[in-house]
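Per the numbering used here, residue 4 is the first one in the sequence shown, and the count goes up by one each step.
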Amino acid sequence: MKNLRLGLLGCGPIAQFAHLPALEKARGVELVAMCDASSNLLHRIGARYGITELYTSYSHFLESDIEAVLIAVADPFHVPLATQAIEAGKHVLVEKPLGVTAEECRHLSETVSGSVCKLQ
Numbered sequence: 004m005k006n007l008r009l010g011l012l013g014c015g016p017i018a019q020f021a022h023l024p025a026l027e028k029a030r031g032v033e034l035v036a037m038c039d040a041s042s043n044l045l046h047r048i049g050a051r052y053g054i055t056e057l058y059t060s061y062s063h064f065l066e067s068d069i070e071a072v073l074i075a076v077a078d079p080f081h082v083p084l085a086t087q088a089i090e091a092g093k094h095v096l097v098e099k100p101l102g103v104t105a106e107e108c109r110h111l112s113e114t115v116s117g118s119v120c121k122l123q
């Protein structure tokens, strides 16, 4: 069974202290790309974990050959960024909370129900 090619969106404290250490231990997943608005942070964390596919553009990140996105950014951005990833054909894992309002979560549910992508 091949590893799932995962991209991490967001290199902030939660990604650094929770997600990245967990991904190092995870089986069946290969972290292959990272995206963050801060180029300095992105390159520093990318170097620490040996990731060479680094993006400051979310659209370019989604155009890469990743199969899934782990969204680790501020809560208000979860739903819009997850929606874009699903529309790009990527599976999505979102930190909690999924969204800020029930309405935006319903919208995301409708988006994912019309696709082959998985959302967690």
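The beta-carbon is built from N, C-alpha and C at its ideal position, and this holds for glycine as well.
For residue j and residue i, the rounded distance between their alpha carbons
{"i": "residue 117", "j": "residue 93", "result": "13 Å"}
{"i": "residue 170", "j": "residue 16", "result": "The requested residue 170 does not occur in the structure, where the chain is confined to residues 4 to 123."}
{"i": "residue 98", "j": "residue 19", "result": "13 Å"}
{"i": "residue 53", "j": "residue 23", "result": "12 Å"}
{"i": "residue 50", "j": "residue 105", "result": "38 Å"}
{"i": "residue 32", "j": "residue 6", "result": "5 Å"}
{"i": "residue 100", "j": "residue 10", "result": "19 Å"}
{"i": "residue 48", "j": "residue 55", "result": "10 Å"}
{"i": "residue 62", "j": "residue 28", "result": "28 Å"}
{"i": "residue 25", "j": "residue 113", "result": "30 Å"}
Contacts around residue i, its chain only, beta-carbon distance under 6 Å, and the 5 residues preceding and following it disregarded
{"i": "residue 58", "result": "38, 64"}
{"i": "residue 42", "result": "59"}
{"i": "residue 123", "result": "96"}
{"i": "residue 80", "result": "none"}
Cβ-Cβ distance between residue i and residue j below 9 Å
{"i": "residue 108", "j": "residue 82", "result": "yes"}
{"i": "residue 13", "j": "residue 76", "result": "yes"}
{"i": "residue 96", "j": "residue 73", "result": "yes"}
{"i": "residue 8", "j": "residue 71", "result": "yes"}
{"i": "residue 78", "j": "residue 35", "result": "no"}
{"i": "residue 66", "j": "residue 85", "result": "no"}
Neighbourhood of residue i by C-beta distance below 7 Å, restricted to the same chain and skipping five residues each side
{"i": "residue 45", "result": "14, 37, 39, 57, 59"}
{"i": "residue 103", "result": "78, 79"}
Any non-hydrogen atom of the ligand ATP within 8 Å of residue i CB
{"i": "residue 81", "result": "In the structure shown, the ligand ATP is absent, as is every other ligand, since no ligand is present at all."}
Residues of its chain near residue i, where Cβ-Cβ distance is below 8 Å and the 5 sequence neighbours each way are ignored
{"i": "residue 4", "result": "31"}
CB contact check: residue i to chain D, cutoff 9 Å
{"i": "residue 71", "result": "Among the protein chains of the structure shown there is no chain D, as only one such chain exists."}
TODO: Output the residue ranges of the alpha helix (DSSP H) runs that lie fully inside the stretch 84-123 and measure 4 residues or longer, sorted by chain position.
DONE: 105-116
- [ ] Scan the stretch 13-60 and note each continuous alpha helix (DSSP H) run of 4 residues or more that stays entirely inside, going in chain order.
- [x] 23-28, 42-52
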